[in-house]
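Protein chains in written order, with my numbering: chain A, 6 to 82; chain B, 6 to 82. Okay, so here's the structure we're looking at.
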DNA sequence: TTATTATATACCCGATAGGGTATAAATCAA
DNA sequence: TTGATTTATACCCTATCGGGTATATAATAA
């Protein structure tokens with residue numbers, strides 16, 4: 006199964022795992038606190054380079070992924 | 006093996022597959038021609054929403070992916 | 001070669017991302 | 001409850017993204 010987690014959800018959970026606050030994450034990533042917040046809140050117009058600065062802390066980056074074919078039960082192809 | 010194709014490479018190859026020009030792709034995606042060019046040339050500071058507008062034409066979207074552990078032969082862990 | 005077509009580069013400019021900061025609202029612990 | 005901590009909202013401001021357009025440089029075909 007292809008997970009397809011949103012950036013928003015991923016960052017939030019990863020940050021919680023590390024038990025650090027938004028200001029601390031912003032600091033580590035070298036981005037503004039406001040950016041971390043907009044990211045966790047799912048803003049869609051973020052700049053890729055900034056997002057990658059944060060994702061890289063978790064060994065990840067933005068890449069093209071297949072759109073989630075909704076649940077198998079939802080529709081018949 | 007996790008492909009990890011860049012957005013740039015993916016768009017360029019997908020566009021060629023469809024045998025359409027940059028202006029045509031820009032048109033279909035609803036973005037400017039300049040944007041398509043910057044995208045194919047690997048500009049890193051693109052806005053996610055705009056990139057997704059284009060990727061969606063190919064059934065894809067931006068998502069967090071694991072950073073490529075370089076080739077197995079390149080380095081010893 | 002010369003046309004034709006596709007792609008790249010350069011400019012102007014409006015819109016907005018993102019930084020900073022201040023304040024408000026949650027959340028949690030005592 | 002009250003106080004401390006974390007997160008959310010709102011504002012100002014600069015930098016720049018991205019659209020449009022014009023020009024330049026391939027690239028391909030005749």
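All residues carry an ideal CB built from backbone N, CA and C; glycine is no exception.
Helix or strand or just coil, what does DSSP make of residue i?
| i | result |
| --- | --- |
| residue 30 of chain B | helix |
| residue 82 of chain B | Confidence in residue 82 of chain B is poor, its pLDDT being 40 and thus under 50, which makes the residue's placement unreliable; the coordinate value appears in the next sentence. Looking at residue 82 of chain B - three-state DSSP - the assignment turns out to be coil, as it is neither helix nor strand. |
Which residue marks the beginning of the beta strand (DSSP E) containing residue i, and which one marks its end?
| i | result |
| --- | --- |
| residue 71 of chain B | 65-71 |
For the alpha helix (DSSP H) containing residue i, name the first residue and the last one.
| i | result |
| --- | --- |
| residue 57 of chain A | 53-60 |
| residue 22 of chain A | 12-23 |
| residue 74 of chain B | First-last for residue 74 of chain B: undefined, no H or E at that position. |
If I'm right that residue i touches residue j with Cβ under 8 Å, what's the distance once you round it to whole angstroms?
| i | j | result |
| --- | --- | --- |
| residue 27 of chain A | residue 38 of chain A | 6 Å |
| residue 71 of chain B | residue 65 of chain A | 6 Å |
| residue 69 of chain B | residue 51 of chain A | About 13 Å separates the two Cβ atoms, so there is no contact after all. |
| residue 58 of chain A | residue 31 of chain A | About 10 Å; that fails the 8 Å criterion. |
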